[in-house]
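Undergrad: Using our numbering, the letters of the sequence shown map in sequence onto residues 76 to 230. Built from N, CA and C at the ideal position, the CB exists for glycine as well. Given the structure is predicted, the values throughout are model-derived calculations rather than measurements. Here it is: the structure, laid out below.
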Amino acid sequence: MARLALPLVWVGTVVLTLAYGFALLPGDAPAWSPFALAWGTGALLSGLLMLGASRDGALEPRVGLLFLGTGLWVAAGLSLLLAAPGVDAADAPLFLGLPRRAAFLLLGVGVAPGLVVPVAYGLLFDRHTLGEDDLEHLRRVALEVADEVGERRGV
């Protein structure tokens, strides 16, 4: 699953670059540009989450699937918002005091993934965090680097 992380980051970055590039050209933006922004964002999000959670080049499949699902949720949610017909703001029906599209964007695309990922992290915390051996190695490396920096500065 960790092998998928870099291709997702690469694809997401390329798609976002193309979408922004075509949107910034003179004239109207292509019709596909907003949807490319949505799906590029989802791919980039999934890839970066996977890179951040992988240890020693490996990622537990359940975590990878959770991150893929999060990226798909965000991309699909943004695409649904883009495809939904526009409503005059004065006549827009409200949900929790917000226009429906704004409520869906804030709650569905923003808050929902923001709740799922930390809960999954909490459930998997013991298996995916640094152990005592890892922390000791990190401390040794940090001391070595601090000594080298001190020698360079003449301290």
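Taking L79 as the reference, give the member of A150, G96, V89 and G132 with the closest Cα.
TA: Residue 79 sits at position 4 when you count from the first residue of the sequence shown. Among A150, G96, V89 and G132, the Cα nearest to that of L79 belongs to G132.
Undergrad: I need the DSSP call for L198, collapsed to helix, strand or coil.
TA: As a first step, residue 198 is located in the sequence shown; it is residue number 123 there, counting from the start. Helix, per DSSP.
Undergrad: Throw me the rounded Cβ distance for the A118 and G87 pair, which I believe falls under 8 Å.
TA: Within the sequence shown, numbered from 1, the residue matching residue 118 stands at position 43. Within the sequence shown, numbered from 1, the residue matching residue 87 stands at position 12. The Cβ separation is near 3 Å, so the contact holds.
Undergrad: When burial is assigned at 16 or more other CB atoms within 10 Å of the CB, is W114 buried or exposed?
TA: Along the sequence shown, read from residue 1 onward, the residue named residue 114 stands at position 39. So W114 counts as buried.
Undergrad: Helix, strand or coil: how does DSSP classify A98 here?
TA: Within the sequence shown, residue 98 is the residue found at index 23, counting from 1. The answer is helix: DSSP assigns A98 an H, G or I state.
Undergrad: Could you pull the DSSP bridge partners for P174 from this structure?
TA: Working through the sequence shown from its first residue, we reach residue 174 at position 99. In the DSSP output, where bridge partners are listed per residue, P174 has L169.
Undergrad: Which residues in the same chain as L124 place their Cβ atom closer than 6 Å to its Cβ, once the five residues preceding and following it in sequence are excluded?
TA: Counting from 1 along the sequence shown, the entry for residue 124 is found at position 49. Excluding sequence neighbours, L124 sits near F142.
Undergrad: Report yes if the CB atom of G122 is closer than 8 Å to the CB atom of L83, and no otherwise.
TA: Indexing the sequence shown from 1 puts residue 122 at position 47. Indexing the sequence shown from 1 puts residue 83 at position 8. Cβ distance < 8 Å, so G122 and L83 count as in contact.
Undergrad: With respect to the alpha helix (DSSP H) encompassing S154, which residues constitute its N-terminal and C-terminal limits?
TA: If you number the sequence shown from 1, residue 154 lands on position 79. First-last of the alpha helix (DSSP H) with S154: P136 to A158.
Undergrad: Might you give, ordered along the chain, the residues of its own chain that have their beta carbon closer than 7 Å to the beta carbon of L171, omitting 5 neighbours on each side?
TA: Residue numbering aside, residue 171 sits at position 96 when the sequence shown is read from its first letter. Same-chain partners within the cutoff: A178.
Undergrad: Give me whichever residues DSSP pairs with R130 in a beta bridge.
TA: Locating residue 130 in the sequence shown gives position 55, where the first residue counts as 1. BP columns for R130 point to A133.
Undergrad: Give me the Cβ distance between L181 and L173, rounded to the nearest whole Å; I'm assuming they're in contact under 8 Å.
TA: Position 106 of the sequence shown, counted from the start, is the residue given in the question as residue 181. Position 98 of the sequence shown, counted from the start, is the residue given in the question as residue 173. The Cβ separation is near 7 Å, so the contact holds.
Undergrad: So, helix, strand or coil for W107, using DSSP?
TA: Along the sequence shown, one-based indexing puts residue 107 at 32. Of the three classes helix, strand and coil, the one that applies to W107 here is coil, per DSSP.
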